[in-house]
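Residue numbers (the numbering used here): 57 to 458. Ideal placement from N, C-alpha and C gives every residue a C-beta, glycine not left out. For clarity, every value in this text was computed on a predicted model and none was experimentally measured.
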Amino acid sequence: MSASFNPFDAQFRLDPYPVYCELRESDPVHRSFLDAWVLTRHGDIKRVLKDRRFGVDPIPERIAERHRHLSRRGGDLEALLTASQRFFFFLDPPTHTRLRGLVRAVFSPDRVQRMEPLLDSYLDRLLDDLTERAEFDLIEDFAGPLPVFAIASMLGVEDFELRQLKAWSLRLSRILDPLVSLEEYQEMNDVVLGFDACFREAFEHRRRQPRDDIISALLAGGRNHDDLQERDLAAICTMLFITGEETTVNLIGNGMLSLHRFPDARAQLTDEPDLAGAAIEELLRFESPVQLTTRVAHEDVDLGDRVIGAGEKVVVALGAANRDPAVFDEPDTLRLNRHPNPHLAFGDGIHFCLGATLARAQGRRAIPRLLDRFPYLTLEIDDLQWRPNIVVRGLRTLKVRA
Ligand code: HEM
């Protein structure tokens, strides 16, 4: 009998790779007890992500159902529902194409490049604050603050309370997970209201005084779309925090853990900082921050010797694709100069990560700087605490000694 896929299992959370390996070899198009197909081969996953016969998992419909349920009891999820209907990673074309186009136009690689000196000075400040400390938490004190600062600065809301934005992003990132309680949905509804108020304030400022930031650019771009309202733009800005915050924290946290587990690779990166670009790709492959995503078949599709029926859900395990020996030699070994490295950590097809350039820039700058400042940094890995999230894989804390 083949392994079963249970992302809620404590052992799986600790180390999902043996399960992925067994499924990939013995049951690559696996029918799971979760009422979904689970794919673990790189080839199948890439095909599904690029195949327009598959659409996204309609999470807003799930929220609408909870909203109806709560409305009968006098509550509601109105704000969360409305925002989620504009989070374009939950949408198929044509609305997806239209909203993504709006962000793509303003989230350009040269805008990210212009951010790099700001990222460097922020990282230096974080590292300066840590120099006197014998011990710190790499997640809380180093990886954690960076992405929220990066997104807030790009949007132009860096004056807002970053801790608050971070706490909201973390809470709202649960929207990606398959099992979410009603209480959590209600909390997420409050978070959306908070983000909404914050962005509307920023819109008002930028309307009066545009700057070189994404909010000003979105407002300018939005003028060409008559049907686009402020709440649509606020939802798009909120979505950037959900997608770009926790994922990037985990690139740095998981990345440092992988380097700890492969000390030769760590020494190589310390000696050859120019390797940083390739190293980040390998760290993304090896311990992928986004482990899975889901699609739904719009029609019957043959996959291997199985048929995915119309309306059935498919879980694509990006973390498994990235360890597929058919594509990566010695996939369970970290090789910083692996080339080529066609990992799927940022997905593929029309939903390919819009923030990949920003995420890469942060990883490439943060990890070598940390190693340079703390050459003798040791990680305490005896009791690793992974977050309970299913989609995003990352550590709750990572204690280190300087
Ligand atoms: C290491 C960090 C990151 C990883 C591993 C990552 C991974 C991913 C993946 C796998 C997807 C595709 C999901 C799917 O196909 O269902 C995605 C989509 C997306 N990501 Fe990222 N991401 C990262 C950072 C960021 C950042 C920093 C931002 C922006 C601030 C961002 C914005 C987005 C957006 C907007 C989408 C939706 C694209 C669409 O649906 O068209 N991501 N990301």
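Residue from the options whose Cα sits closest to the Cα of residue i
{"i": "Pro63", "options": "Asp233, Phe318 and Gly200", "result": "Asp233"}
{"i": "Leu90", "options": "Asp65, Arg443, Val204 and Met295", "result": "Asp65"}
{"i": "Ala321", "options": "Ile336, Leu392 and Ala373", "result": "Leu392"}
{"i": "Gly111", "options": "His152, Ala382, Ser140 and Arg287", "result": "His152"}
{"i": "Leu307", "options": "Gly375, Pro116 and His98", "result": "Gly375"}
{"i": "Leu289", "options": "Met244, Leu410 and Cys254", "result": "Cys254"}
{"i": "Leu466", "options": "Ala139, Leu296 and Pro173", "result": "Since the first residue of the chain shown is 57 and the last is 458, residue 466 is not available in this structure."}
{"i": "Arg457", "options": "Glu191, Glu81 and Arg142", "result": "Glu191"}
{"i": "Ala161", "options": "Ala377, Arg420 and Gly411", "result": "Gly411"}
{"i": "His98", "options": "Pro203, Leu454 and Glu81", "result": "Glu81"}
{"i": "Gly157", "options": "His281, Leu359, Phe342 and Gly367", "result": "His281"}
{"i": "Ala401", "options": "Leu390, Leu340 and Ala415", "result": "Leu340"}
{"i": "Ala377", "options": "Gly403, Glu368 and Thr389", "result": "Gly403"}
{"i": "Met171", "options": "Gly278, Ala206, Glu78 and Pro201", "result": "Ala206"}
{"i": "Gln169", "options": "Leu454, Ala417 and Lys455", "result": "Ala417"}
{"i": "Gly309", "options": "Phe144, Pro201 and Leu155", "result": "Pro201"}
{"i": "Leu136", "options": "Phe144, Tyr241 and Ser177", "result": "Tyr241"}
{"i": "Cys293", "options": "Phe251, Ile231 and Ala223", "result": "Phe251"}
{"i": "Arg287", "options": "Val305, Gly360 and Glu260", "result": "Glu260"}
{"i": "Val247", "options": "Val204, Leu133 and His125", "result": "Leu133"}
Three-state class that DSSP yields for residue i in the structure shown
{"i": "His86", "result": "strand"}
{"i": "Gly463", "result": "The requested residue 463 is not part of the displayed model; the chain covers only 57 to 458."}
{"i": "Ala458", "result": "coil"}
{"i": "Thr138", "result": "helix"}
{"i": "Phe255", "result": "helix"}
{"i": "Val447", "result": "coil"}
{"i": "Val159", "result": "helix"}
{"i": "Asp166", "result": "helix"}
{"i": "Asp358", "result": "strand"}
{"i": "Glu191", "result": "strand"}
{"i": "Thr434", "result": "strand"}
{"i": "Val204", "result": "helix"}
Residues near residue i in its chain [Cβ-Cβ closer than 7 Å; skip 5 each side]
{"i": "Glu302", "result": "Ser225, Leu226, Ser229, Val448 and Gly450"}
{"i": "Arg362", "result": "Val85"}
{"i": "Ala258", "result": "Gly212, Val213 and Ile271"}
{"i": "Arg420", "result": "Ala332, Gly333 and Ile336"}
{"i": "Arg262", "result": "Gly212, Ile271, Ser272 and Leu275"}
{"i": "Gly365", "result": "Ala353 and Asp356"}
Burial state of residue i (16 or more Cβ within 10 Å)
{"i": "Val346", "result": "buried"}
{"i": "Tyr432", "result": "exposed"}
{"i": "Phe408", "result": "exposed"}
{"i": "Gly212", "result": "buried"}
{"i": "Val199", "result": "With the sequence shown as reference, residue 199 is identified as Ala, and Val is not the correct amino acid for it. That one is buried."}
{"i": "Ala291", "result": "buried"}
{"i": "Thr350", "result": "buried"}
{"i": "Ser237", "result": "exposed"}
{"i": "Ser344", "result": "buried"}
{"i": "Gln67", "result": "exposed"}
{"i": "Gly311", "result": "buried"}
{"i": "Ala382", "result": "exposed"}
{"i": "Ile437", "result": "exposed"}
{"i": "Asp269", "result": "buried"}
{"i": "Arg443", "result": "buried"}
{"i": "Gln265", "result": "exposed"}
{"i": "Ala323", "result": "exposed"}
{"i": "Gly130", "result": "exposed"}
{"i": "Asp100", "result": "buried"}
{"i": "Arg142", "result": "buried"}
{"i": "Lys102", "result": "buried"}
{"i": "Ser164", "result": "exposed"}
Neighbourhood of residue i by C-beta distance below 8 Å, restricted to the same chain and skipping five residues each side
{"i": "Ala208", "result": "Glu214, Phe216, Leu218 and Leu221"}
{"i": "Pro329", "result": "Pro424 and Asp428"}
{"i": "Leu348", "result": "Pro63, Val371, Val372, Ala373, Leu374, Gly375, Ile446 and Val447"}
{"i": "Arg109", "result": "Ala353, His354, Glu355 and Val357"}
{"i": "Arg452", "result": "Ile195, Gln441, Trp442 and Arg443"}
Cutoff 8 Å: residue i Cβ touching any chain B Cβ
{"i": "Asp148", "result": "Although the question refers to chain B, the structure presented lacks it and comprises just one protein chain."}
Close beta carbons around residue i, own chain, < 6 Å, minus the five adjacent residues each side
{"i": "Ile115", "result": "Phe146"}
{"i": "His316", "result": "Leu435"}
{"i": "Phe342", "result": "Ser314 and Leu390"}
Report the residue ranges of all beta strand (DSSP E) runs contained in full by the region 59-117; include only those spanning at least 3 residues, in chain order.
85-88, 92-95 and 110-112
Uninterrupted alpha helix (DSSP H) stretches inside the region 225-274 (no shorter than 4 residues)
238-264
Considering only residues of the region 335-408, which uninterrupted alpha helix (DSSP H) runs meet the minimum length of 4 residues and lie entirely inside it, listed in chain order?
374-377
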